[in-house]
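In the numbering used here, the protein residues as written are 1319 to 1744.
Even for Gly, the Cβ is constructed at its ideal location relative to N, Cα and C.
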Ligand SMILES: Cc1cc2nc3c(=O)[nH]c(=O)nc-3n(C[C@H](O)[C@H](O)[C@H](O)COP(=O)(O)OP(=O)(O)OC[C@H]3O[C@@H](n4cnc5c(N)ncnc54)[C@H](O)[C@@H]3O)c2cc1C
C-alpha cells in the first residue's frame, strides 16, 4: 500500500460520536478518513439534547452553526408522575451558573447530524458518504484499518494508526469480538413517531424563572403503566412522541407496533389529550432491546465511542451528548498517544475508557433509580421530593442537564433524606 493511502485515524460512522472524534483529530492536524453508510440527511431518533452540550460544541467549533439553525429551545424537563397533578417542572435556568447557556435544543437529527458531518468536512476530515465499512482489519490483536467501499460495491482496505468505531447500535467491533452484553434487567422496547398539529404549551405557563424564550418548550416525560412516554416538540409544528415499555408488558398490549403505541398512549391522560387533533406523519418505528453494555471500549489501535460502546435507556436524554463527549475523550486519548511516540496501544487508550465510564456510571444509577420509582409507584421519590428540598432540586437539575462532573451522587445523597437516598443508590 502507498504511504499516501495511510491515515492517522479511520472512523466508522458519521453520527455525533464519530464526527466529534474526527473533528478534534482533524483540527489537531491529523489525517482522518470517515465512512458513513446512510444517505444524509437521514432520520434518527434522539432529539432532546442536554445543556452540557455547549462546552462540547465550543470545543468542536460548531456552536454558531447549531445556533443559526433555529432549533426549538428546550428549557428543561416536565415530569408527569402517575397521572397525578401538578407535574414537576425542572428548568436549567433555575441554576444558570453551571452551564454556558441555561437551555439547549430539541433537534431534528437529520439536520443536526448533517451540520456536524459538514463541519467535519470543513475541518479537513475525508468523508466518504454512502460508503459502508465491511470489516475492521486486525494484525493479531492490533487494529490496523478497515475495509470499506461504496454501498453495494466491493470493499478495499484503508490502513490507519487507529480505528474509531462509532457505528452506533451496530457496534461493529464489539460484535466481531463478542463483547456485546445485553442488560436483561432493563428489557425495554420503544415505539415512536412524529405528529403534526399536536398541542403545544405556552412557554409563559412553564418557564417561571430566567428569560422566557419565544417558542421554548420542555421535554415532557410522563409515566404510564409498564413504562413512560416522551413528548418532544420540534420545529415546524412537528412533535416527536414515543413510548418506552417493559418488553413483556408491550407484548401483552399488542404484537402490532401501532396498536401497542396507541394502547400505551391511551394510558396517559394528558398526552392522549394533546394528540387528539394531531396527524401522525410517519409509520411507527420500533427499537427493541434498547439497553446494552459492551465489555470493553478499547484495545490495541482501536476505541468504541457513543452507542458503539453502550446505550442504556433514553429517559434522561443523555445519548447524543454522551456520544459527543465520548468522541472528544477518545480523540484526546488518541492525541496523547500520538504525542507519545505514536503509542496507540490498549494501555495508552485505556484513559479514554476510564474517563467516559464516570458519567456513564452516573447515568446508569439515575436510570436504575427511575425504573425503581416506576415499579414502586412511590410518592416519596426523588422527583417529587425535589419540589421541597432546594439542595436536592439544584443538584438533580444539574444532573438532568448533563453536569455529571459538576455534582456527585454523594452530594445528592447529602441533600436528600434517608428514604430518598435509599431509592437513589439501591
Ligand atoms: C428510543 C430511543 C430514544 C432516544 N432518545 C434520545 C434523546 O431524546 N436524546 C438523546 O440525546 N439521545 C436519545 N437516544 C440515544 C441516541 O439516539 C444515541 O445515543 C445517539 O444517536 C448516539 O450517537 P452515535 O454517533 O453513537 O450513533 P448514531 O447516531 O447511531 O450514528 C452511527 C452512524 O454510523 C453509521 N454506520 C453504522 N454502521 C456503519 C458501517 N458499517 N459503515 C459505515 N457507517 C456505519 C450509521 O449509518 C449512523 O449514521 C435515544 C435512543 C433510543 C433507542
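In this structure, the straight-line span from the alpha carbon of residue 1372 to that of residue 1390 is close to 15 Å. Residue 1536: not part of any alpha helix (DSSP H); member of the beta strand (DSSP E) spanning 1535-1542, first to last residue. In the structure shown, residue 1476 falls within a strand segment according to DSSP collapsed to helix, strand and coil. Distance from residue 1484 to residue 1623 at the Cβ level is roughly 5 Å; contact confirmed, criterion being Cβ atoms closer than 8 Å. Rounded to whole angstroms, residue 1712 and residue 1725 show a C-alpha spacing of 10 Å.
When C-beta atoms of the region 1437-1455 are compared with those of the region 1347-1358, three or more pairs fall below 8 Å, so the two segments count as touching.
In the three-state reduction of the DSSP assignment, residue 1554 falls in the coil class.
Under the Cβ criterion (8 Å, minimum of three pairs), the region 1644-1657 does not count as touching the region 1685-1697.
In the DSSP assignment, residue 1366 is bridged to 1424. Inter-residue distance for residue 1519 and residue 1420 is about 19 Å (C-alpha atoms, whole angstroms). Annotation: the continuous alpha helix (DSSP H) that includes residue 1591 extends over 1587-1592.
Remark: the C-beta of residue 1408 is outside contact range of ligand 1, defined as less than 7 Å to any heavy atom. Cβ atoms of residue 1503 and residue 1424 stay farther apart than 8 Å, at about 30 Å.
Relative to ligand 1, even the nearest heavy atom lies 7 Å or more away from the CB of residue 1540.
Annotation for residue 1610: the continuous beta strand (DSSP E) segment containing it runs 1610-1612. Of the candidates 1342, 1678, 1584 and 1328, 1678 places its Cα closest to the Cα of residue 1723. Closest in C-alpha terms to residue 1676, from the list 1565, 1660, 1574 and 1717, comes 1717. With a beta-carbon spacing of about 12 Å, residue 1558 and residue 1509 fall beyond the 8 Å limit used to define contacts. Annotation: residue 1330 to residue 1481 spans about 8 Å, alpha carbon to alpha carbon.
In the three-state reduction of the DSSP assignment, residue 1523 falls in the helix class, which pools H, G and I. Around residue 1529, the same chain offers 1411 as residues with beta carbons nearer than 8 Å, after the five sequence neighbours per side are excluded. For residue 1510, the CB falls within less than 7 Å of some heavy atom of ligand 1. Residue pairing by DSSP puts residue 1461 in a beta bridge opposite 1456. When 1554, 1498, 1583 and 1719 are compared, the shortest CA-CA separation from residue 1613 is found for 1498. Inclusion of residue 1605 in the 7 Å shell around ligand 1 follows from its C-beta lying nearer than that to a non-hydrogen atom of the ligand.
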